[in-house]
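Going down the list, the protein sequences come from chains L and U. When the letters of the first sequence are read in order and numbered with the working numbering, they come out as residues 68 to 445. When the letters of the second sequence are read in order and numbered with the working numbering, they come out as residues 68 to 445. Below is one structure, written out as structure tokens; comments come after it.
There are 2 protein chains.
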Amino acid sequence: MALTSQTAALAQADAPAIIEDFQPSSLNQRGQEYPQVNSQGYARFRVIAPEAQSVKASLGLGGQGGTALAKAEDGSWVGTSAGPLDEGFHYYHLSIDGGTFNDPGTLNFFGSRRWESGIEIPAHDADFYALEEVPHGHVQQVLFPSPSTGTPRRAFVYTPPGYEADPDARYPVLYLQHGWGEDETAWTNQGRANLIMDNLIADGAARPLLIVMTYGMTNDTQIGGLASFDIEPFETVLLKELMPYVDSHFRTLADRGHRALAGLSMGGFETKLITTRNPDAFGYIGLFSGGTFSLQDVEGTAGLRDAAKLFFVSYGSRELEGRRTSPPGVPPVDPRANHEGLKAAGINSVFYVSPGTAHEFQSWRRSLREFAPLLFRN
Amino acid sequence: MALTSQTAALAQADAPAIIEDFQPSSLNQRGQEYPQVNSQGYARFRVIAPEAQSVKASLGLGGQGGTALAKAEDGSWVGTSAGPLDEGFHYYHLSIDGGTFNDPGTLNFFGSRRWESGIEIPAHDADFYALEEVPHGHVQQVLFPSPSTGTPRRAFVYTPPGYEADPDARYPVLYLQHGWGEDETAWTNQGRANLIMDNLIADGAARPLLIVMTYGMTNDTQIGGLASFDIEPFETVLLKELMPYVDSHFRTLADRGHRALAGLSMGGFETKLITTRNPDAFGYIGLFSGGTFSLQDVEGTAGLRDAAKLFFVSYGSRELEGRRTSPPGVPPVDPRANHEGLKAAGINSVFYVSPGTAHEFQSWRRSLREFAPLLFRN
């Protein structure tokens, strides 16, 4: 009896019972009951397609692989993820009869070079990116001239609460880049960058600043692997076209000491390339799951050590477990060792690991929360 | 022989040959070849779903009904609309094996209370809403406090080119409402209101102004038919919450003579209700496919005749052909007769009919193009 009980308990520990407290995901379209999430982080999908042959919900990086849905008696297709998902935002899509479609229950988010479905697993620390009753900044869509690409281009500019109140006040600027396959909508839609800043500013934890977000895959059609990546088209748009537009249309502090560049994944890769090619442009640098700076990187670039007041590097803890610390095509390095090397040389290096998250937006929301308070303080 | 030839010619006139000059719709996602449109206004769809049993593209109002797709040899589903579609923007979705999904080839637009697929039939007058190399205004997302609904609410504010240049300049404001099932994204995404204004201002045809757009289905869950519509929740948000926020966060001219209210379809219905209940609030009024003002309406509302400097009413020509001149639940009226009645009484009434368009966004893009130049001129 004792042995049997223990075996049962172990089996239960291996596959804990799914708690039936499912609620609609916070990213669902108005009035839509599915997809749902429960308190353990399981996702449940329900799709109406009575004549379909097969329906599958396919979650991206950090998920548990695809979830095959089964046809229910009412003709709908229902399925629950094989295990709990990590906290935070996940991209996914449906595979229906061999085709790829979005889940009509939820909102879409630009990732993988297309608008994808999204689901939100409630996080224990979700308050820092929640829509709270605090003063809110604005997010402005701007269309700026771009002679180098021959068409007006789009950027979004976050202006902090109070920006309109004093016409003489000027602000520092963070240029913030998305990852591969995403676009200039990612940092506000998936990342909630504006709400993170609103909350940090309301708490007095960060200095009010502008955040500028634009499309970083400028040489769109040429981007294959990152190894053959040419930074020049995007660098031209960012430094020669967008930055002058922002400095002339917003009340910025237009010098290196009040200008930061950061990015996630491919955006971090771009950040490192641009800041080492232009050490006079940015005083604060952030790489979120997108590479690291070695002492050789910093000291091998004339002027960079003196110019940069902060090197910030972050990863999701699951990326480090899996040693997936660099974008595809870049040799893996130990980010902690690089960080310690910079510290030992007296360089202001900060290293952050997001607990229990992978190469996904929850790591990057937290990275922004950690990074923004360090900006423009010295 | 002669008779046979003539019959053949007539048959051809009834069903003209489809010209094979199809191009990807301008609303397609990056790199997507389908849906396509040709120079006659036909739409062609192609969907990958090799194991599906049936695939249909269903176009909305103003379209030609649904288009059944047939399975091609490569496993894709292909079909061409039975006839040409009207110029401009159309909502649609796919029906796949009895389920409703969006076309992965194209962008989504909020309509019918959900994000729908969109397709754009090139119009002969498309230049007025094209992205041109002119100075562009910004579109700001604002989150304003709303005690009446208990949550911060979203609005978009268009600020014209030059708004940032002179901190002392103040601007008139147009509040512009979407239709039933749409939201605050509709006027810029589907309507291209910002580009229409940029182009009008570049031409010197309209006075630079702000446009404010927010969600008009405030009592969301209660809205069944328009006959039982309660305007008070939205009126409260608009007049008591949004308007004070705009006047305190933007450099507005905050008086009746520099404030307009207009809306399309249900938004016109709301506009008429709000302007007659609050004749002191708005000096310029526009109803786009959303009702008319009779002389009795104007003279039966104390103060309205003196307050309103412009009554603008518009329809798509196909709405008048079909006598579909009022929102569902409202008795049909003759908009021309009402217009003539106002004119005869010395009231500044303008009536516009968009040629060859129905209850769709091309009528409303053109309505804005006609309406905006008349604003804040007297």
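Every residue, glycine too, gets a C-beta built ideally from N, C-alpha and C.
The beta carbon of U:Gly246 lies closer than 6 Å to those of Leu331, Ser332, Met333 and Gly334 in the same chain, with the five residues before and after it left out. In this structure, the alpha-carbon of U:Phe355 lies about 49 Å from that of L:Phe336. Among the CB atoms of chain L, one or more fall inside 8 Å of the CB of U:Ser121.
Across the region 176–187 of chain U, CB contacts with chain L closer than 8 Å involve Arg180, Arg181 and Trp182, in sequence order along the chain. Each of U:Leu174, U:Pro189, U:Ile341 and U:Ala190 was checked against the Cα of U:Glu183, and the nearest Cα belongs to U:Leu174. Distance from the Cα of U:Ile352 is smallest, within the candidate group U:Val206, U:Glu437 and U:Pro83, for U:Glu437.
At a cut-off of 8 Å, the C-beta of L:Arg344 has no neighbouring C-beta in chain U.
One finds Glu231 in chain L with Cβ atoms closer than 7 Å to the Cβ of U:His316, taken in chain order. A Cβ-Cβ distance of about 5 Å is found for the pair U:Gly248 and U:Arg180, placing them in contact under the 8 Å criterion. In this structure, the CA atom of U:Val122 is about 5 Å from the CA atom of U:Ile163. Exclusion of the five residues before and after U:Phe418 leaves Val380 and His406 as the residues of its chain whose Cβ lies within less than 6 Å of its Cβ. Remark: three or more beta-carbon pairs, one from each stretch, lie closer than 8 Å, so the region 273–280 of chain U and the region 220–230 of chain U are flagged as touching. Cα atoms of U:Lys138 and L:Thr252: separation of roughly 36 Å, rounded to the nearest angstrom. Its Cα nearest to that of U:Ala375, the residue U:Pro346 stands out among U:Gly98, U:Pro346 and U:Tyr382.
Here U:Phe211 has Pro219, Arg220, Ala222, Glu308, Leu309 and Tyr312 as same chain residues with Cβ atoms under 7 Å from its own Cβ, once five neighbours each way along the sequence are excluded.
Scanning U:Pro402, U:Glu388 and U:Leu409 for the CA closest to the CA of U:Gln363 turns up U:Leu409. Secondary structure note for U:Ser162: its beta strand (DSSP E) is the uninterrupted segment Gly155 to Ile163. When rounded, the separation of the alpha-carbon atoms in L:Gln207 and U:Val209 is 9 Å.
Of the other Cβ atoms in all chains shown, 16 or more fall within 10 Å of the Cβ of U:Ser421; this residue is therefore buried. With contacts defined by Cβ atoms closer than 8 Å, L:Thr147 and L:Ile85 form a contacting pair. Using beta-carbon distances, U:Glu100 does not count as an interface residue toward chain L, since no partner is under 8 Å. Using a 10 angstroms sphere on the CB of L:Ser106, the tally of other CB atoms stays under 16, which defines it as exposed.
Comparing alpha carbon positions, the residue from U:Glu87, U:Asp322 and U:Glu199 closest to U:Asn266 is U:Glu199.
Assignment of L:Val420 by DSSP, reduced to helix, strand and coil, places it in the strand class. Between the alpha carbons of U:Tyr282 and U:Leu126 lies a distance of about 24 Å.
U:Val304 has a beta carbon lying at 8 Å or more from every beta carbon in chain L.
In the same chain as L:Ser361, and ignoring 5 residues on each side of it, the C-beta atoms closer than 6 Å to its own belong to Asn405, in chain order. Near chain L, meaning a CB-to-CB distance below 9 Å, the residues of the region 88–113 of chain U are Gln96, Arg97, Gly98 and Gln99. Inclusion of U:Thr285 and U:Val304 in the CB contact set at 8 Å is warranted, their separation being smaller than that value. Residues of chain U whose Cβ lies closer than 8 Å to the Cβ of L:Gly165 are, in chain order, Ile115, Ala116, Pro117, Glu118, Ala119 and Gly142. Sequence-distant partners of U:Phe428 (beyond 5 residues in either direction) whose C-beta falls short of 7 Å from its own C-beta, in its chain, are Gly155, Phe156, Gln257 and Gly258.
The beta-carbon distance between L:Thr134 and L:Ala124, rounded to whole angstroms, is 5 Å. This is short enough to meet the 8 Å contact definition. By the beta-carbon neighbour count (other beta carbons within 10 angstroms, threshold 16), L:Ala425 is buried. Taking C-alpha positions only, L:Tyr242 is separated from L:Phe443 by approximately 13 Å. As computed with DSSP, U:Ser381 is found in a beta bridge with U:Phe355 and U:Tyr419. Boundaries of the alpha helix (DSSP H) harbouring U:Arg433: Phe428 to Phe438, taken from the DSSP string.
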